[in-house]
Amino acid sequence: MAPGFPTPASLSFPDSLLYDLLDVSLTGVNVLRPVYDPAGEIEDFAIEYLNPAGQRMAGLAERPGGTLLTRFPESKAAGILAYYRRAYTEGYPGLHEVNYQADGLDNFFRLAARRSGELLVVSFTDTADQNRSAVELALRESQVAEQAARADAQRQRLLEFMDAAPGMVLRLVGPQHVIEFANEGFRQQFGVPDPVGKPYLEALPVAATQDDSAYQATALYDHIYRTGEPYYAAEAPYYIAPPQAGRRELRYFTFAVQAARDGRGRIVGVQAFATDVTAQVLARQQVEQLNQELEARVQARTRELAQAQAETEAQRQRLHQLVAEAPALIASLRGPEHVVELANDGFRAIFGGRELVGKTYREAIPEFAGQPFFDRLDRVYRTGETYHGIDEPVVLDRTNSGQLERTFITYTYQATRDVHGRIDGILVFCYEVTDQVMARQEREAQREQLQAVFAQAPVAVCLFRGENSVFDVVNPPMAEMLGHPLEALVGHPFFEVMPELRAQGLPELLAEVRRTGTPYVAQEQAIQLLRHQPGAPGYYNFVYQPLFDAQHQVTGIVCVVTDVSEQVAARRVVEAREESFRLMADHAPAMLWVTDPAGQCTYLNAQWYAYTGQTEAEALGLGWTQAVHPDDADAAGTAFLDANDRRVPFEFLYRLRRHDGKYRWAIDRGLPRFGPDGAFAGIVGTVVEVHEQKLAELALQKLTKKLRKSRDQAEALNAELGTTNQQLLRTNVDLDNFIYTASHDLKAPISNLEGLLHLLQLELPPALAESPTVGPVLGHMLDAVDRFKRTIDHLTELSKLQKEHAPATTLVNLAAVVEGVRQDLAPQLRESKAQLTVAVSEGSAFHFSEKNLRSVVYNLLSNALKYRHPDRRLHVDVRSHVREGFTVLEVHDNGLGLDPDHLPRLFTMFQRFHDHVEGTGIGLFMLKRMVDNAGGRVEVHSRLGAGTTFFVHLPHAAPAA
1 MAPGFPTPAS LSFPDSLLYD LLDVSLTGVN VLRPVYDPAG EIEDFAIEYL
51 NPAGQRMAGL AERPGGTLLT RFPESKAAGI LAYYRRAYTE GYPGLHEVNY
101 QADGLDNFFR LAARRSGELL VVSFTDTADQ NRSAVELALR ESQVAEQAAR
151 ADAQRQRLLE FMDAAPGMVL RLVGPQHVIE FANEGFRQQF GVPDPVGKPY
201 LEALPVAATQ DDSAYQATAL YDHIYRTGEP YYAAEAPYYI APPQAGRREL
251 RYFTFAVQAA RDGRGRIVGV QAFATDVTAQ VLARQQVEQL NQELEARVQA
301 RTRELAQAQA ETEAQRQRLH QLVAEAPALI ASLRGPEHVV ELANDGFRAI
351 FGGRELVGKT YREAIPEFAG QPFFDRLDRV YRTGETYHGI DEPVVLDRTN
401 SGQLERTFIT YTYQATRDVH GRIDGILVFC YEVTDQVMAR QEREAQREQL
451 QAVFAQAPVA VCLFRGENSV FDVVNPPMAE MLGHPLEALV GHPFFEVMPE
501 LRAQGLPELL AEVRRTGTPY VAQEQAIQLL RHQPGAPGYY NFVYQPLFDA
551 QHQVTGIVCV VTDVSEQVAA RRVVEAREES FRLMADHAPA MLWVTDPAGQ
601 CTYLNAQWYA YTGQTEAEAL GLGWTQAVHP DDADAAGTAF LDANDRRVPF
651 EFLYRLRRHD GKYRWAIDRG LPRFGPDGAF AGIVGTVVEV HEQKLAELAL
701 QKLTKKLRKS RDQAEALNAE LGTTNQQLLR TNVDLDNFIY TASHDLKAPI
751 SNLEGLLHLL QLELPPALAE SPTVGPVLGH MLDAVDRFKR TIDHLTELSK
801 LQKEHAPATT LVNLAAVVEG VRQDLAPQLR ESKAQLTVAV SEGSAFHFSE
851 KNLRSVVYNL LSNALKYRHP DRRLHVDVRS HVREGFTVLE VHDNGLGLDP
901 DHLPRLFTMF QRFHDHVEGT GIGLFMLKRM VDNAGGRVEV HSRLGAGTTF
951 FVHLPHAAPA A
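Its first residue numbered 1, the sequence shown is counted upward by one per residue in full-length UniProt numbering.
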């Protein structure tokens with residue numbers, strides 16, 4: 001190495017160098033991953049990567065997927081797979097050269113492979129990019145021409161052989177079964193001199209008149225063309241109609257039919273090989289009949305039988321000669337040792353082309369040791385009973401390389417007899433059915449998987465097949481729902497098992513889904529089953545979902561059913577209860593209304609319609625504004641929609657048209673309502689006529705104006721004003737009485753409603769009462785009743801407070817009251833981890849209503865806890881100081897705070913600015929009223945997001961007399 005040149009250990013390459021090297025390499029590079037069989041042996045290699053040169057040589061993508069054998073099946077015969085195994089398992093360092101002329105390739109390849117961790121790296125070159133000499137090209141062209149000529153000559157010899165064969169040979173192509181080849185034996189047998197090029201039924205109309213449905217028309221050929229499954233029949237009856245006979249004749253044929261495939265293994269047609277064994281069958285029938293006749297005719301019958309057997313032997317020899325060239329897997333064994341007397345090309349090919357003829361079956365195929373085939377051959381030879389093996393597994397050496405493979409075959413072992421009727425050998429006739437078996441196993445696995453999924457499904461599921469809707473798969477919930485065991489359903493037509501459903505429209509629904517391929521969905525459809533009481537059907541949600549094949553043809557219908565009878569019954573109970581509640585609301589003494597979140601009125605009780613004379617169609621939505629005086633309607637509607645948008649209490653005074661056309665003053669109040677999840681659900685409110693009170697107010701206004709204008713009439717006006725003041729006082733008392741009466745009168749209906757809900761809980765079956773559809777609804781209704789009761793209690797307290805202008809006072813100790821409230825709120829303080837600091841002098845005593853003072857302190861501290869900030873620990877400071885005539889109570893917190901624009905409305909009844917916690921909006925209103933009634937005042941300082949401070953000025957009242 002030159003001085004100063006870096007050693008490999010000191011080189012530092014960029015990460016992209018490897019990819020650049022692979023991209024510019026003129027040599028193909030292939031990365032493979034081994035694929036193991038159940039025994040842990042490498043059976044194939046998955047193709048993980050090809051560089052650009054490799055992609056060009058192999059004609060594949062960079063990551064093509066698949067394996068070596070699926071992409072290049074001939075690589076096994078070419079020794080490539082074995083070379084890769086040695087390189088991976090033994091580290092074999094040598095090269096592998098191969099002339100690969102298969103799978104779309106035609107080149108000479110040189111390969112070098114090395115294991116790298118869990119991968120195998122292969123470098124390869126081909127001769128496609130190299131100039132070939134004229135001699136090489138001429139040689140290749142000569143080889144191609146020679147191969148083509150040899151193939152044509154072989155084909156011509158085969159056709160000549162098959163045409164002269166003593167049996168019948170027929171080859172059909174395409175789904176219409178057009179005759180491509182029919183040998184002389186076939187043409188003479190059926191009396192059709194030139195059938196080639198005609199469809200089978202056109203050339204042989206007699207095929208459509210067969211008594212056996214299996215052979216009618218082209219049913220057998222259709223099945224083999226579609227599935228590739230071979231068919232073999234011995235001494236099968238078949239009618240022919242030769243022109244010279246003028247009628248049908250019954251013949252017997254031993255024949256084999258198999259699919260014809262092109263070079264890629266695709267089915268292109270059907271080929272049949274048959275021998276007329278009518279003479280043998282008739283002879284055997286005659287023998288059976290003659291055995292019952294007189295002994296005197298035995299000799300004559302014996303001679304006839306010997307002659308027939310001789311003819312049979314000759315035909316058998318000719319049949320052996322024919323099947324030796326047939327594409328089916330056919331072999332003839334002779335003697336008790338089962339010496340292979342004949343094996344056609346197909347039979348030898350499945351055993352790797354090894355030499356079989358002249359060897360015993362055990363010597364020729366040693367891998368069958370330990371498998372049941374030798375014993376079965378011995379039994380057939382011993383008993384003469386034909387053995388048919390259907391789709392049986394077999395382990396054999398397909399490449400004659402010692403590598404065993406598992407495959408599947410359908411085969412027949414049939415004893416052959418000599419002229420004396422003695423068993424002298426066995427005819428082996430078989431087909432490889434690996435592809436069909438694997439496909440069927442895959443379908444069965446899918447079916448079992450589908451059955452397992454159906455069985456574990458929590459709902460009733462079944463699968464219908466065919467025009468008669470036959471049960472193909474049924475899970476236990478569906479069987480239980482239909483009232484039949486699984487074995488009484490699977491394999492039986494739906495409407496034979498459940499005839500009571502035939503007249504309920506279900507056959508027509510299934511037929512329509514099958515015809516159109518469109519799913520059908522039913523919701524709460526009434527279905528009358530036999531287990532239901534007459535006139536009391538069940539209710540079901542169900543779906544008919546069609547299944548399609550690759551041609552988008554409907555192959556079945558999946559039915560998924562849910563029994564919703566209990567939900568329907570529960571909903572109807574709730575609807576009945578709602579109707580009862582509606583009836584109760586209609587008999588309430590006030591006009592009640594309910595809106596949705598959009599502000600559209602969805603309910604007005606009967607009192608509204610009786611008072612206004614409106615109909616439901618006229619009043620719902622925003623139609624109620626049509627009953628409002630035109631001068632008030634726009635303002636009322638705008639105020640309501642604004643309250644609805646802001647989700648705040650609504651109150652408006654307007655003139656309402658009575659049913660007699662007269663307008664009367666009414667007060668309309670509403671509160672926002674929220675669902676269990678906190679979502680805004682609309683507003684509920686009442687309308688109360690306050691016409692007399694409004695007139696009194698207007699009269700007071702007029703009197704005030706008169707006082708300003710006519711001071712000389714002071715005495716008269718003062719007297720009138722006094723009268724008016726009395727009326728106003730009575731009006732205020734009436735308003736207080738209304739609040740008290742409304743809260744008192746509503747308690748009884750709400751208590752009745754609560755009692756009905758508890759009774760409903762007791763009356764409902766436990767399963768239904770606790771079900772996920774009924775249980776939450778009852779809980780929500782009870783919660784709503786509790787909230788309504790709390791609101792009524794607040795209104796009652798408010799009514800008492802309205803009348804309490806001079807509450808009884810006593811000497812109270814502010815520090816003791818604050819400490820008592822702190823003890824009451826101790827659990828909430830611990831739960832929220834709040835820090836409460838109290839700086840109130842122990843000697844801060846003054847005359848005040850102790851009950852009201854405790855309510856003030858409790859309201860302020862509980863509000864601080866409710867409206868604490870979620871992102872920081874709550875700090876609450878309680879202090880007090882004395883000013884002239886007042887003790888000032890200060891409560892500071894670092895909670896959510898308020899927008900300064902909201903402070904003027906803070907003490908409004910039912911006003912709330914934070915909807916994420918429960919509340920009625922009455923607490924602060926009552927707090928201010930108590931302090932105002934005592935001659936004090938309340939001040940508030942607040943900043944949004946920073947916190948709030950309340951300054952409560954508590955007057956030093958004189959001691960009670």
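All residues carry an ideal CB built from backbone N, CA and C; glycine is no exception.
Identity of the residues DSSP links to residue i by a beta bridge
i: N813; result: A845
i: W665; result: R655
i: A233; result: F255
i: P493; result: V470
i: L250; result: Y239
i: L547; result: G556
i: R334; result: V339, G425
i: S880; result: L889
Of the listed residues the options, nearest to residue i (C-alpha basis)
i: T67; options: E74, F846, F45; result: F45
i: D677; options: G779, K851, K705, D472; result: G779
i: S473; options: C559, R417, F190; result: Reading off the sequence shown, one finds Val at residue 473, where the question assumed Ser. Among C559, R417, F190, the Cα nearest to that of V473 belongs to C559.
i: F429; options: T416, T412, G421, M481; result: T412
i: V940; options: E697, E890, M926, D932; result: E890
i: G421; options: P499, A283, P366, G556; result: A283
i: R266; options: E293, G174, T416; result: G174
i: S116; options: G389, V554, G91; result: G91
i: R514; options: R398, N933, V554, G923; result: V554
i: P458; options: R465, A445, G335, A479; result: A479
Through-space distance from residue j to residue i, alpha-carbon basis
i: G346; j: F273; result: 15 Å
i: V35; j: D103; result: 21 Å
i: V135; j: M57; result: Because the pLDDT at V135 is just 43, under 50, the model does not fix this residue reliably, and the value given afterwards should be weighed accordingly. Whole-angstrom Cα-Cα distance: 24 Å.
i: E288; j: F190; result: 29 Å
i: H847; j: Q835; result: 30 Å
i: S25; j: T89; result: 27 Å
i: V628; j: L811; result: 53 Å
i: G384; j: T360; result: 19 Å
i: N894; j: K833; result: 14 Å
i: T595; j: M498; result: 49 Å
Sequence-distant residues of its chain with Cβ nearer than 7 Å to residue i (five each side left out)
i: A526; result: P537, Y539
i: D391; result: F408, T410, V433, V437
i: V277; result: E235, Y252, F253, T254
i: H177; result: P199, Y200, T218, Y221, V270
i: F680; result: P597, R647, P672, F674
i: Y19; result: none
i: R417; result: I423, D424
Cβ neighbours of residue i in the same chain (closer than 6 Å, five flanking residues each side left out)
i: E97; result: R110
i: P14; result: none
i: I938; result: Per the sequence shown, the amino acid found at residue 938 is Val instead of Ile. Closer than 6 Å at Cβ, skipping near neighbours: K928, V931, V952.
i: T386; result: Q414
i: V561; result: A460, Y540, F542
i: G670; result: F650, I683, G685
Cβ-based neighbour list, residue i, same chain, cut-off 8 Å, excluding 5 preceding and 5 following
i: V888; result: S880, H881, V882, F951, V952, H953, L954
i: Y239; result: V206, T209, Q210, D211, R248, E249, L250, R251
Beta carbon proximity, residue i to chain D, threshold 9 Å
i: M498; result: As a matter of chain content, chain D is missing from the structure shown, which is built from one protein chain.
Using 8 Å as the Cβ pair cut-off and three pairs as the minimum, do the segment 523-538 and the segment 423-439 touch? Judged by Cβ distances under 8 Å, the segment 523-538 makes no contact with the segment 423-439, as fewer than three pairs qualify.
Within 8 Å, do at least three Cβ pairs link the segment 373-387 to the segment 343-357? By the Cβ test, the segment 343-357 is not in contact with the segment 373-387, since fewer than three Cβ pairs between them sit closer than 8 Å.
Segment contact flag, the segment 383-400 with the segment 328-346, C-beta cutoff 8 Å, min 3 pairs: No: fewer than three Cβ pairs fall under 8 Å.
Check whether the segment 558-573 and the segment 615-622 touch, using three or more Cβ-Cβ pairs below 8 Å as the test. Verdict: no, contact absent.
Is the segment 647-655 touching the segment 663-675 in the sense that three or more CB pairs, one from each, lie closer than 8 Å? Below 8 Å, enough C-beta pairs join the segment 663-675 and the segment 647-655 to call them touching: three or more.
Count Cβ pairs between the segment 856-876 and the segment 813-829 that sit closer than 8 Å; are there 3 or more? When Cβ pairs closer than 8 Å are counted between the two stretches, the segment 856-876 is seen to touch the segment 813-829, the count reaching three or more.
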